[in-house]
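There are 2 protein chains.
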Amino acid sequence: MTKTSHPAEGPTPKPDARGPSIESRIHDHYDSLPDSERKLADVILERAADLSAFKASELSALAGVSKAAATRLFQRLGFDGFDEARLAARARRDWGSPLYMGASGSGAALSGPATLLEDEIDLLRRSVRRLSPAMIDDVAAAMVGARRIWLMGYRNSRFLADYLRWQLIQFRGDVTVLPGTGETAGEYLADLTERDILVVVALRRRVHGLLEVMEAARAVGTPIILVTDPTARRLPALADWTLTVETQGHFAFDSCGPALALCRFLAVTALGKAGRRGRAHMERVERRHETLDVFN
Amino acid sequence: MTKTSHPAEGPTPKPDARGPSIESRIHDHYDSLPDSERKLADVILERAADLSAFKASELSALAGVSKAAATRLFQRLGFDGFDEARLAARARRDWGSPLYMGASGSGAALSGPATLLEDEIDLLRRSVRRLSPAMIDDVAAAMVGARRIWLMGYRNSRFLADYLRWQLIQFRGDVTVLPGTGETAGEYLADLTERDILVVVALRRRVHGLLEVMEAARAVGTPIILVTDPTARRLPALADWTLTVETQGHFAFDSCGPALALCRFLAVTALGKAGRRGRAHMERVERRHETLDVFN
DNA sequence: ATATGTTTGAAACTGTAGTTTCGGAACGCG
DNA sequence: CGCGTTCCGAAACTACAGTTTCAAACATAT
Numbered sequence: 012m013t014k015t016s017h018p019a020e021g022p023t024p025k026p027d028a029r030g031p032s033i034e035s036r037i038h039d040h041y042d043s044l045p046d047s048e049r050k051l052a053d054v055i056l057e058r059a060a061d062l063s064a065f066k067a068s069e070l071s072a073l074a075g076v077s078k079a080a081a082t083r084l085f086q087r088l089g090f091d092g093f094d095e096a097r098l099a100a101r102a103r104r105d106w107g108s109p110l111y112m113g114a115s116g117s118g119a120a121l122s123g124p125a126t127l128l129e130d131e132i133d134l135l136r137r138s139v140r141r142l143s144p145a146m147i148d149d150v151a152a153a154m155v156g157a158r159r160i161w162l163m164g165y166r167n168s169r170f171l172a173d174y175l176r177w178q179l180i181q182f183r184g185d186v187t188v189l190p191g192t193g194e195t196a197g198e199y200l201a202d203l204t205e206r207d208i209l210v211v212v213a214l215r216r217r218v219h220g221l222l223e224v225m226e227a228a229r230a231v232g233t234p235i236i237l238v239t240d241p242t243a244r245r246l247p248a249l250a251d252w253t254l255t256v257e258t259q260g261h262f263a264f265d266s267c268g269p270a271l272a273l274c275r276f277l278a279v280t281a282l283g284k285a286g287r288r289g290r291a292h293m294e295r296v297e298r299r300h301e302t303l304d305v306f307n
Numbered sequence: 012m013t014k015t016s017h018p019a020e021g022p023t024p025k026p027d028a029r030g031p032s033i034e035s036r037i038h039d040h041y042d043s044l045p046d047s048e049r050k051l052a053d054v055i056l057e058r059a060a061d062l063s064a065f066k067a068s069e070l071s072a073l074a075g076v077s078k079a080a081a082t083r084l085f086q087r088l089g090f091d092g093f094d095e096a097r098l099a100a101r102a103r104r105d106w107g108s109p110l111y112m113g114a115s116g117s118g119a120a121l122s123g124p125a126t127l128l129e130d131e132i133d134l135l136r137r138s139v140r141r142l143s144p145a146m147i148d149d150v151a152a153a154m155v156g157a158r159r160i161w162l163m164g165y166r167n168s169r170f171l172a173d174y175l176r177w178q179l180i181q182f183r184g185d186v187t188v189l190p191g192t193g194e195t196a197g198e199y200l201a202d203l204t205e206r207d208i209l210v211v212v213a214l215r216r217r218v219h220g221l222l223e224v225m226e227a228a229r230a231v232g233t234p235i236i237l238v239t240d241p242t243a244r245r246l247p248a249l250a251d252w253t254l255t256v257e258t259q260g261h262f263a264f265d266s267c268g269p270a271l272a273l274c275r276f277l278a279v280t281a282l283g284k285a286g287r288r289g290r291a292h293m294e295r296v297e298r299r300h301e302t303l304d305v306f307n
C-alpha cells in the first residue's frame with residue numbers, strides 16, 4: 012500500500028480556539044473603523060453571522076467595497092489574515108453536542124434532545140401542533156374588538172402578561188396587567204364588563220386564586236382567554252378559549268419560549284386585524300418617540 | 012471612474028435553494044461510492060456536517076485522500092463542482108436571513124403558525140451561531156461567584172431581566188432587578204462593588220441612560236455582562252462579556268425568543284455550577300412552598 | 001496470459017481568492 | 001495654497017484551491 016504517511020493526523024489540527032470572538036473584536040474597534048471597513052463589519056454582524064461560510068471576496072462584494080478593504084479589516088482586528096479569522100469562526104461555532112443536562116437531580120439526560128437548542132425547537136414544534144390557526148384568529152379578533160383588555164398572570168406567567176401587554180399597546184390603548192405590585196386582583200374585579208376581555212396566563216406552578224378571579228369574570232360575562240400548559244386541569248372549563256403550549260423540556264427549568272412565541276403570534280395577528288386604525292396608533296407612538304428622542 | 016456606488020445588487024444573488032440536501036445525496040450514492048470517495052463522505056457526515064465552512068482540500072486532508080477524489084465525489088453527487096455544493100449547503104442553512112419582514116402588519120400574518128414557527132426556529136438557530144459555549148460557561152461561573160447580581164433592562168428587555176431573575180433566585184439569593192418601579196437606576200449605583208456583577212439586557216430600541224449606568228459600574232470595577240442584539244453599536248465596548256442574540260424576524264414585532272432561550276441556558280448552566288449549595292437552596296425554597304401550599 | 005475496466009494519487013494546469021502596492025482623492029492644518 | 005495624513009480601490013502579484021490529465025495499480029473476465 013502506498014499510503015506514504017498520511018496527512019490525516021496532524022498532531023493538533025485545531026490550532027486556535029481562544030481569543031476574543033470576531034464580534035467582540037469588531038465591537039472593540041468599531042468606533043475607530045474607517046468607512047469601508049465599517050461597512051464590512053456591518054455586513055458581518057448583520058448578514059453573515061457565520062463568517063466561516065463566506066469568502067472574503069463575497070463579503071466585500073456584499074458590502075460594496077474592495078477586497079483590499081477586507082484584508083485590511085481582518086488585519087486590524089488582530090488576525091493574521093482572512094483565513095485565520097475563518098478558522099477561528101469555525102472553531103467557535105459549536106454549542107452543539109456536549110452539553111450535559113441541568114443539574115436538577117439526575118435522570119433526564121437519557122432520551123431527550125442533546126442540546127438546549129434542540130430542546131427549545133422541539134417544544135415549539137409540539138406547541139404549534141396544539142394550536143389551531145382558526146382559534147388564534149378568533150382570539151386576536153376578540154382582543155381587537157374589546158373595549159378594554161385585562162391581562163393576568165402570576166410568577167413565571169407574569170412576564171408573559173407583561174410582554175403581551177407591551178406588544179398590544181403598540182397599536183391600541185386600554186391594556187392593563189393586574190394586579191399591579193402590592194395590589195390584589197380583587198380590587199379590579201369591579202371594573203370588568205362584558206365588553207372587556209380577560210387574558211389569563213397560567214403556566215405551570217399555578218397559584219391559588221386564579222379560579223376565583225375567573226369565576227368572578229365569568230359571572231359578569233367577560234370573555235376569558237386562557238394561555239396555559241398541558242398540566243392545567245380545571246381552569247379550561249372556565250375559559251371561552253384555551254390556548255395550550257408546551258413548557259416542560261428536558262432541562263432543569265421550564266421554557267417560556269413557546270408561550271412567548273404564541274404571544275407574539277397573537278400580537279401580529281391582532282395587529283393585522285386592527286387595520287388602519289391600529290397602524291395609525293402605531294405611527295403616532297412612533298412619532299412621539301422620535302420627537303422625544305428616547306432611543307440611542 | 013467606473014461606478015462608485017454599485018454595491019450589493021447582483022442580478023440574482025440567490026443562486027439556488029432546493030434540490031436534495033447533501034446528506035441525502037450522499038446516502039443515495041453511498042453504496043456505489045468507491046473507497047476514497049466513501050472516506051470523504053464519512054468525513055462529511057460525521058465531522059463536517061456543515062459543508063459550507065470547509066474547503067474541499069480540507070476535507071480531502073481530513074479523509075486522507077487526494078483532492079482529486081473530492082472533485083470526483085461532488086460531481087458524482089450531481090453538483091457542478093465543489094463550490095456549488097458549498098453554496099447549496101449555505102443556502103439551505105439560512106434560508107431567509109436577510110429578508111425584510113412584511114410591511115408593518117398585514118401581509119405576513121396571513122400564513123398560519125407554521126411560518127411563525129419557522130421564523131422563531133430560524134432566529135434561534137442564527138442566535139446560537141453567535142454564541143460561544145465557552146463564553147456562556149464563563150458568564151455562568153461569574154454569576155455563581157458574584158456576591159450580588161444586579162439586573163437591568165428597559166422596555167422589552169425588562170421582561171427578560173425579570174425572567175432571568177426569576178430563574179436565578181431558584182438557587183441563589185441577592186438578585187435584584189433595577190430600577191424598581193418609580194425609581195431610577197442612579198439610586199442603586201452607590202451600592203455596586205467589584206465583587207458584584209451587573210447584567211444589562213439591551214435589546215433593540217435601547218434607551219438613553221444605559222451608557223451612563225454602565226460607565227458608572229465600570230468605574231467601580233463591577234464586571235458587566237451585556238445581552239443585546241446585532242444592532243448594538245457602542246455598548247459592547249463597555250461590557251466585559253457580550254452575548255448577542257437575533258431579534259428581527261420576518262414579522263411585525265421583534266422576537267424575544269432567542270434572548271429568553273439564552274437566559275434559560277445561562278440559568279441551567281449556572282445551576283450546574285452552583286453545585287450542592289445551589290441545589291440545597293432550591294430544595295429549601297421548594298419545601299417552604301409545600302408547607303405554604305401555594306400552588307394548586 | 002492478454003484484454004477491459006475501475007480506481008487512484010501525483011502532477012500539470014487554471015482560475016480565482018487574498019495580499020500587496022501604488023497613485024489618487026479627501027480631509028486637516030499651518 | 002502647499003504639505004501631511006488617512007482612506008480608498010484598481011491593478012499587479014502570489015499562492016493555493018479545485019479541476020483535469022495521465023499512468024500506475026488493481027480487479028475481473030476471457
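For the protein sequence lines, the chains are Y and F, in the order given. The opening residue of the first sequence carries number 12 in this note's numbering; numbering runs sequentially from there. The opening residue of the second sequence carries number 12 in this note's numbering; numbering runs sequentially from there. Cβ coordinates follow ideal geometry from the N, Cα and C atoms, glycine included.
Check your understanding: So which of Y:L254, Y:A74 and Y:Y165 has the shortest CA-CA distance to R140 (chain Y)?
Key -> One-based indexing of the first sequence puts residue 140 (chain Y) at position 129. Comparing Cα positions, the closest option is Y:L254.
Check your understanding: Going along the chain, which residues of its own chain have a beta-carbon closer than 6 angstroms to the beta-carbon of R159 (chain Y), five neighbours each way excluded?
Key -> Here residue 159 (chain Y) refers to the residue found at position 148 of the first sequence. So the list reads D185 and D207, once near-sequence residues are dropped.
Check your understanding: Out of curiosity, what's the CA-to-CA distance linking A152 (chain F) and K284 (chain F)?
Key -> On the second sequence, position 141 is the one that residue 152 (chain F) refers to. On the second sequence, position 273 is the one that residue 284 (chain F) refers to. Their backbone Cα atoms lie some 7 angstroms apart in a straight line.
Review point. Any idea which residues DSSP pairs L164 (chain Y) with across the strands?
Key: Stepping through the first sequence from its first residue, residue 164 (chain Y) is reached at position 153. The question names Leu, but residue 164 (chain Y) in the sequence shown is Gly. Partner(s): Y:V212.
Exercise for review: Give the C-beta separation of L128 (chain F) and R136 (chain Y) to the nearest angstrom, bearing in mind that I take them to be a contact with Cβ-Cβ under 8 angstroms.
Suggested key: Here residue 128 (chain F) refers to the residue found at position 117 when the second sequence is read from its first residue. Here residue 136 (chain Y) refers to the residue found at position 125 when the first sequence is read from its first residue. Yes, L128 (chain F) and R136 (chain Y) are in contact; Cβ-Cβ is about 7 angstroms, under 8 angstroms.
Check your understanding: Would you say Q178 (chain Y) reaches chain F, if we count a Cβ-Cβ gap shorter than 7 angstroms as a contact?
Key -> Position 167 of the first sequence, counting from 1, holds the residue named residue 178 (chain Y). It does; some Cβ of chain F falls within 7 angstroms.
Check your understanding: By how many angstroms is the C-alpha of T126 (chain Y) removed from the C-alpha of H38 (chain Y)?
Key -> Position 27 of the first sequence, counted from the first residue, corresponds to residue 38 (chain Y). Position 115 of the first sequence, counted from the first residue, corresponds to residue 126 (chain Y). Using only the alpha carbons, I get a separation of about 28 angstroms.
Practice item. Spell out whether any CB of chain Y is found under 7 angstroms from the CB atom of E48 (chain F). Key: Against the second sequence, residue 48 (chain F) aligns to sequence position 37. By this cut-off, E48 (chain F) is not an interface position.
Exercise for review: Kindly identify the DSSP beta-bridge partner or partners of W252 (chain F).
Suggested key: Position 241 of the second sequence, counted from the first residue, corresponds to residue 252 (chain F). BP columns for W252 (chain F) point to F:I236.
Check your understanding: Along chain F, which residues have their Cβ under 7 angstroms away from the Cβ of G268 (chain Y)?
Key -> One-based indexing of the first sequence puts residue 268 (chain Y) at position 257. Simply G268, L271 and A272.
Exercise for review: Report yes or no: is there a C-beta of chain Y within less than 7 angstroms of the C-beta of I236 (chain F)?
Suggested key: As a position in the second sequence, residue 236 (chain F) is number 225, starting the count at 1. Closer than 7 angstroms: no.
Practice item. Spell out whether any CB of chain F is found under 7 angstroms from the CB atom of I132 (chain Y). Key: Translated into the one-based positions of the first sequence, residue 132 (chain Y) becomes position 121. Output row for I132 (chain Y): interface = yes.
Exercise for review: Report yes if the C-beta distance between T187 (chain F) and L214 (chain F) is below 7 angstroms; otherwise report no.
Suggested key: As a first step, residue 187 (chain F) must be located in the second sequence, where it is residue number 176. As a first step, residue 214 (chain F) must be located in the second sequence, where it is residue number 203. In terms of Cβ geometry, T187 (chain F) and L214 (chain F) do not form a close pair [threshold 7 angstroms].
Check your understanding: Is it buried or exposed for V231 (chain F), if we count other Cβ within 10 angstroms and need 16 for buried?
Key -> Residue numbering aside, residue 231 (chain F) sits at position 220 when the second sequence is read from its first letter. Burial call: exposed.
Exercise for review: Check whether the Cβ atoms of G211 (chain F) and L237 (chain F) lie closer than 7 angstroms to each other.
Suggested key: Working through the second sequence from its first residue, we reach residue 211 (chain F) at position 200. Working through the second sequence from its first residue, we reach residue 237 (chain F) at position 226. This sequence places Val at residue 211 (chain F); Gly is not what is there. Contact: yes.
**Study point:** Beta-carbon proximity check, S63 (chain Y) vs R36 (chain Y), cutoff 7 angstroms
**Key:** On the first sequence, position 52 is the one that residue 63 (chain Y) refers to. On the first sequence, position 25 is the one that residue 36 (chain Y) refers to. Against a cut-off of 7 angstroms, the Cβ pair of R36 (chain Y) and S63 (chain Y) comes out as no contact.
Review point. In this structure, does DSSP put V76 (chain Y) in helix, strand or coil?
Key: As a first step, residue 76 (chain Y) is located in the first sequence; it is residue number 65 there, counting from the start. Residue state, collapsed to three classes: coil.
Point to revise | S115 (chain F) (DSSP reduced to helix, strand or coil) | key: Start at 1 with the first residue of the second sequence, and residue 115 (chain F) comes out as number 104. Here S115 (chain F) scores only 33 on pLDDT, less than 50, and its place in the model should not be relied on; the value that follows carries that caveat. DSSP places S115 (chain F) in coil when its eight states are reduced to three.
Exercise for review: Run the CB neighbour count on D240 (chain Y), radius 10 Å, all protein chains shown included, and call it buried at 16 or more, exposed below.
Suggested key: As a position in the first sequence, residue 240 (chain Y) is number 229, starting the count at 1. Buried, since its Cβ has 16 or more Cβ neighbours within 10 Å.
Exercise for review: From the DSSP output, in three-state form, read off V231 (chain Y) for me.
Suggested key: In the first sequence, the residue the question calls residue 231 (chain Y) occupies position 220. The answer is coil: DSSP assigns V231 (chain Y) none of H, G, I, E or B.
Exercise for review: May I have the straight-line CA-CA distance separating A59 (chain Y) from Q181 (chain Y), to the nearest angstrom?
Suggested key: As a first step, residue 59 (chain Y) is located in the first sequence; it is residue number 48 there, counting from the start. As a first step, residue 181 (chain Y) is located in the first sequence; it is residue number 170 there, counting from the start. Roughly 31 angstroms separates the two Cα atoms.
Point to revise | Option in F:R49, F:S143, F:Y199 and F:K78 with minimal Cα separation from W161 (chain F) | key: Your numbering for residue 161 (chain F) matches position 150 in the second sequence. When only C-alpha atoms are compared, the closest one is F:Y199.
Review point. In whole angstroms, what is the alpha-carbon distance linking S47 (chain Y) and A81 (chain Y)?
Key: Here residue 47 (chain Y) refers to the residue found at position 36 of the first sequence. Here residue 81 (chain Y) refers to the residue found at position 70 of the first sequence. Cα-Cα distance, rounded: 9 angstroms.
Check your understanding: Can you tell me where the beta strand (DSSP E) with L189 (chain Y) in it begins and where it stops?
Key -> Sequence index remark: in the first sequence, residue 189 (chain Y) carries index 178 (1-based). From DSSP, the beta strand (DSSP E) with L189 (chain Y) extends over V186 to L189.
**Study point:** Other residues of its chain near F93 (chain F): CB distance less than 7 angstroms, five sequence neighbours each side excluded
**Key:** Looking up residue 93 (chain F) in the second sequence gives position 82. Excluding positions up to five away in sequence, the list reads A67, A81, T82 and F85.
Practice item. For the alpha helix (DSSP H) containing D39 (chain F), list its first residue and its last residue. Key: What you label residue 39 (chain F) is simply residue 28 of the second sequence in a count that begins at 1. Per DSSP, D39 (chain F) belongs to the alpha helix (DSSP H) from I33 to H40.
Practice item. Could you tell me whether the Cβ of E95 (chain Y) comes closer than 7 angstroms to any Cβ of chain F? Key: Here residue 95 (chain Y) is taken as the residue at index 84 of the first sequence, counted from 1. It does not; no Cβ of chain F falls within 7 angstroms.
Review point. Candidates F:R97, F:A263 and F:L282: which alpha carbon is nearest D130 (chain F)'s?
Key: The residue labelled residue 130 (chain F) in the question sits at position 119 within the second sequence. The option with the nearest alpha carbon to D130 (chain F) is F:A263.
Review point. Going by the beta-carbon positions, is the gap between L249 (chain Y) and R229 (chain Y) smaller than 7 angstroms?
Key: The residue labelled residue 249 (chain Y) in the question sits at position 238 within the first sequence. The residue labelled residue 229 (chain Y) in the question sits at position 218 within the first sequence. Yes.
Check your understanding: Applying a beta-carbon distance threshold of less than 7 angstroms, which residues of chain Y neighbour P241 (chain F)?
Key -> In the second sequence, the residue the question calls residue 241 (chain F) occupies position 230. Residues of chain Y whose Cβ lies closer than 7 angstroms to the Cβ of P241 (chain F) are, in chain order, L56 and E57.
Practice item. Compare the Cα-Cα distances from S266 (chain F) to each of Y:V76, Y:S266, Y:I33 and Y:L273 and report the closest residue. Key: On the second sequence, position 255 is the one that residue 266 (chain F) refers to. Residue Y:L273 holds the alpha-carbon nearest to the alpha-carbon of S266 (chain F) among Y:V76, Y:S266, Y:I33 and Y:L273.
Review point. From P31 (chain Y) to M154 (chain F), what distance separates their C-alpha atoms?
Key: Translated into the one-based positions of the first sequence, residue 31 (chain Y) becomes position 20. Translated into the one-based positions of the second sequence, residue 154 (chain F) becomes position 143. So the two alpha carbons sit approximately 20 angstroms from each other.
Check your understanding: Does the Cβ-Cβ distance between Q178 (chain Y) and A278 (chain Y) come in under 7 angstroms?
Key -> On the first sequence, position 167 is the one that residue 178 (chain Y) refers to. On the first sequence, position 267 is the one that residue 278 (chain Y) refers to. The answer is yes: Cβ separation under 7 angstroms.
Check your understanding: Between which two residues does the alpha helix (DSSP H) containing S138 (chain Y) stretch?
Key -> In the first sequence, counting from the first residue as 1, residue 138 (chain Y) sits at position 127. Residues L127 to R141.
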